[in-house]
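Just below is one structure, and these are the notes that go with it.
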Amino acid sequence: MAAKLIILVWGFYFFVDPFLCQSQELYFNGFQHSSNNISLNGAAEIQSSGILRLTNETFRILGHAFYPSPIRLKNSTTGKSLSFSTNFAFAIVPEFWKLGGHGFAFAMAPSKELPGALPSQYLGLLNASDNGNFTDHVIAVEFDTVRDFELDDINDNHVGIDLNSLISNASVPAGYFTDGNSTLHNLSLKSGRTILAWIDYDSVNNELNVTLSPSSTKPRKSTLSFNVDLSPYLDEFMYVGFSASTGLLASSHYLMGWSFKVGGEALSLDLSSLPSLPVPKKTNLSILGLSMAAIFVLIFAVSISAYAIWQWKNRNVIEPWELDIGPRRFPYGDLTKATKGFRDKDLLGFGGSGRVYKGFLPKSDTPVAIKRISNESKQGLREFMSEIESIGRLHHRNLVQLLGWCRRQNDLLLVYDFMPNGSLDKYLFDEPKKMILSWAQRFNIIKGVASGLLYLHEEWEQTVIHRDIKAANVLLDADFNGRLGDFGLAKLLKHGSNPSTTRVVGTMGYLAPELTKTGKPTTSADVFAFGALLLEVACGRRPIEPKAMPEDLILVDLVWDRWREGAILDVMDRKLMGEYDEMAAVAVLKLGLMCSADDPLARPTMRQVVRYLQGEMDLPEMLIPPGGYNVKKGGSGGEAGGEFKDDVHSYQSSHFEKASTGSTIADIEAGLSSSIYIR
2 MAAKLIILVW GFYFFVDPFL CQSQELYFNG FQHSSNNISL NGAAEIQSSG ILRLTNETFR
62 ILGHAFYPSP IRLKNSTTGK SLSFSTNFAF AIVPEFWKLG GHGFAFAMAP SKELPGALPS
122 QYLGLLNASD NGNFTDHVIA VEFDTVRDFE LDDINDNHVG IDLNSLISNA SVPAGYFTDG
182 NSTLHNLSLK SGRTILAWID YDSVNNELNV TLSPSSTKPR KSTLSFNVDL SPYLDEFMYV
242 GFSASTGLLA SSHYLMGWSF KVGGEALSLD LSSLPSLPVP KKTNLSILGL SMAAIFVLIF
302 AVSISAYAIW QWKNRNVIEP WELDIGPRRF PYGDLTKATK GFRDKDLLGF GGSGRVYKGF
362 LPKSDTPVAI KRISNESKQG LREFMSEIES IGRLHHRNLV QLLGWCRRQN DLLLVYDFMP
422 NGSLDKYLFD EPKKMILSWA QRFNIIKGVA SGLLYLHEEW EQTVIHRDIK AANVLLDADF
482 NGRLGDFGLA KLLKHGSNPS TTRVVGTMGY LAPELTKTGK PTTSADVFAF GALLLEVACG
542 RRPIEPKAMP EDLILVDLVW DRWREGAILD VMDRKLMGEY DEMAAVAVLK LGLMCSADDP
602 LARPTMRQVV RYLQGEMDLP EMLIPPGGYN VKKGGSGGEA GGEFKDDVHS YQSSHFEKAS
662 TGSTIADIEA GLSSSIYIR
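Be aware that the sequence shown starts at 2, since it is given in our numbering, and climbs by one per residue.
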């Protein structure tokens with residue numbers, strides 16, 4: 002009777018939950034005979050040696066390798082996550098020495114295919130729209146070899162714990178501890194050498210530990226330890242495995258062995274029997290002998306000819322991954338010819354990240370501006386990848402269009418539309434004798450830049466925060482239309498998401514005051530910089546003028562002082578010789594002060610700014626500086642109201658949404674040519 006009862010109980014569990022009969026322990030000491038036990042996707046492949054290669058040296062690809070059946074990782078009764086342990090041997094071999102691309106992760110996911118996942122910084126796990134969603138149920142330990150500022154990476158060689166997001170919940174530089182020593186020894190993930198990793202989760206103490214070592218001995222002290230209850234992040238059944246990706250830089254991500262267990266410590270790998278990393282084949286010339294020289298020359302000549310024919314046939318072929326990026330890839334030789342070898346005669350300008358040359362593309366003779374990223378630029382590669390992968394897909398008449406790019410080893414090149422009239426700052430500050438921009442031209446430029454910023458903030462698929470709006474980054478086309486350029490510092494966010502803290506970047510005089518406190522780039526910070534641009538276009542001087550008298554050092558302070566004195570037009574650019582509409586000038590200066598408010602919530606949005614400039618909204622009558630009273634009418638003949646603090650550098654306006662009976666800018670500009678309006 003007892004035997005029958007036991008059989009009945011086991012049968013009940015078998016039929017109710019067949020998965021309980023499956024093993025909760027995996028062991029792959031090499032992957033020679035594991036094709037049925039590993040589900041591969043993307044570029045992942047098991048090579049004849051038994052090594053698992055997740056990615057190769059192709060740009061922007063991903064590779065997945067998961068155990069084909071889901072594994073129970075959560076108690077169905079209590080909803081509590083189960084303890085697990087895993088260890089694996091891996092190696093990352095970059096295409097170019099010290100330039101990894103992009104990294105890999107041990108992952109637990111509800112699907113082994115990870116539909117919609119992207120390569121590059123997303124490591125084949127998530128994409129821009131679902132990154133950070135609580136419903137993703139993706140848990141990963143990343144081994145990242147590229148620093149991505151958008152994801153707040155700490156460096157280009159780190160280990161991170163990711164819960165539903167590629168912005169790591171915890172991360173540390175890759176390294177290991179030796180027993181009896183508290184010093185973290187650096188360990189290069191992209192060294193091309195075998196590295197051992199252990200990941201252990203204790204569900205009782207809610208502790209997740211990641212340990213690295215260049216040898217088979219597991220250090221007692223973990224590289225990264227993070228207290229977290231994984232229960233809310235895990236489904237009852239999850240797929241376990243690995244995901245890797247490449248970006249504009251590529252690496253081969255190899256796995257030599259993998260062990261995994263739920264409810265105990267995973268078995269150790271037998272390193273002596275693991276497959277070896279592939280090594281470059283070496284040719285022994287002494288064995289070949291001189292008799293092979295003629296054959297070598299013949300083969301070389303045939304190969305060169307075949308390559309030349311292939312290159313000619315495929316000269317206009319665009320790789321599939323380039324369609325996702327937008328801009329096309331230019332041959333290096335074409336850009337060298339376009340600039341006549343990057344000669345100094347064609348140098349348009351230079352900055353911290355590189356030099357910009359004028360050139361003419363071969364065959365089409367199209368004029369272009371070619372930015373050559375400096376090898377000494379610490380941010381050069383990041384700016385290069387940021388502009389291509391994200392900003393390159395932006396299309397707006399008031400943004401400088403990125404046409405394409407080129408990478409040849411460490412030589413990084415960006416190709417833009419050529420703006421024949423250069424940058425706005427040259428006309429405002431450096432070359433007044435060349436040409437004086439009329440008021441109509443200045444107002445048209447202001448409206449154009451505002452329209453471009455509105456597109457970045459609200460009208461594209463993601464929110465783009467420019468972070469470096471200034472006259473030097475406003476370029477003028479043949480008709481003197483303003484186009485915003487230089488997106489090397491730009492930051493992308495999902496609409497409605499909160500920005501994360503990052504390093505403060507930008508130019509003094511254009512930086513919103515809250516940035517030094519929060520470190521969070523926002524659209525409101527861009528509005529502050531646009532306010533500085535409005536004032537410098539109207540006044541013909543920089544936001545900070547070091548050579549000015551102390552009381553005139555800060556432009557926004559000077560404008561506020563003249564506003565309260567009722568002499569606001571005294572700040573207008575004298576090069577205009579008084580040839581401007583006074584009411585229009587007052588309106589632009591007033592809008593500049595509104596955008597320059599200390600309080601981010603008191604600044605208008607770019608949509609409101611555009612509506613003000615288009616005459617669709619009335620400007621408010623009152624401005625309120627911090628600690629003061631309403632300031633009414635700052636134009637000529639007006640009287641100042643209230644008291645002001647002379648030591649405040651920028652003043653708050655919280656009344657831009659109030660109804661007003663004042664004139665609109667459209668009314669003010671009725672006498673100007675209709676060509677200055679952007680409809």
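Don't be surprised by glycine CBs; every beta carbon is placed ideally from N, CA and C.
- Straight-line measurement puts the Cα of G342 at about 11 Å from the Cα of Y333.
- Per DSSP, reduced to three states, the secondary structure at V572 is helical.
- Rounded to the nearest angstrom, the gap between the Cα atoms of T59 and H65 is 15 Å.
- No Cβ-Cβ contact shorter than 9 Å links G423 with L415.
- Out of V263, M239, A339 and D527, the CA that lies nearest to the CA of A451 is found in D527.
- Inclusion of S244 and A106 in the CB contact set at 9 Å is warranted, their separation being smaller than that value.
- The C-alpha of R608 lies about 16 Å from the C-alpha of Q463.
- According to DSSP, residue pairing for T87 in a beta bridge involves I200 and F261.
- In the three-state reduction of the DSSP assignment, F297 falls in the helix class.
- Straight-line spacing of the CA atoms in A267 and S77 works out to 23 Å.
- The residue among I437, G486, Y202 and R330 with its C-alpha nearest the C-alpha of R575 is I437.
- Around the beta carbon of K364, fewer than 16 other beta carbons sit within 10 angstroms, so the residue counts as exposed.
- C-alpha of F29 to C-alpha of S130: approximately 35 Å in a straight line.
- With three or more CB-CB distances shorter than 8 Å, the stretch 224–238 counts as touching the stretch 205–214.
- Straight across, the Cα-Cα distance linking F97 with Q410 is about 8 Å.
- Spatial neighbours of L362 in its own chain (CB-CB distance under 7 Å, excluding positions within 5 residues in sequence) are listed in chain order as D335, A339 and V369.
- Of all alpha-carbon atoms in F419, L535, T179 and L516, the one lying nearest the alpha-carbon of K471 is that of L535.
- Distance from L490 to G453 at the Cβ level is roughly 16 Å; contact not present, criterion being Cβ atoms closer than 8 Å.
- Per DSSP, the continuous alpha helix (DSSP H) segment holding F444 begins and ends at W440 to L455.
- Assignment of G360 by DSSP, reduced to helix, strand and coil, places it in the strand class.
- Beta-bridge analysis with DSSP links K75 to S82.
- For R54, the enclosing beta strand (DSSP E) starts and ends at L53 to T56.
- Scanning its chain for C-beta atoms nearer than 6 Å, with the 5 sequence neighbours on each side dropped, one finds around D201 the residues S86 and N210, in chain order.
- Within a 10 Å sphere around the beta-carbon of E580 sit fewer than 16 other beta-carbons, which makes this residue exposed.
- By alpha-carbon distance to L83, the top candidate from K222, E237 and S217 is E237.
- Short of 7 Å from the beta carbon of A473, and not among the five residues preceding or following it, lie these beta carbons of its own chain, in chain order: S424 and D426.
- A straight line joining the alpha-carbon of G483 with that of E537 spans about 15 Å.
- By the CB criterion at 9 Å, M257 and G31 fall inside the cutoff.
- Counting along the chain, M607 sits inside the alpha helix (DSSP H) bounded by residues M607 to L614.
- About 5 Å separates the beta carbon of V589 from that of A539, a gap short enough to meet the 8 Å contact definition.
- Annotation for Y333: the continuous alpha helix (DSSP H) segment containing it runs Y333 to A339.
- If you check the CB distance, T524 and A251 do not come in under 9 Å.
- Less than 9 Å divides the Cβ of N165 from the Cβ of V139.
- In the DSSP assignment, A526 falls outside any beta strand (DSSP E) and within the unbroken alpha helix (DSSP H) covering T524 to C540.
- For D558, the enclosing alpha helix (DSSP H) has its first and last residue at L556 to E566.
- Apart from sequence neighbours up to five positions away, the residues of its chain that approach T247 with a beta-carbon distance below 7 Å are T56, T59, F60, R61, I62, G102, H103 and P120, ordered along the chain.
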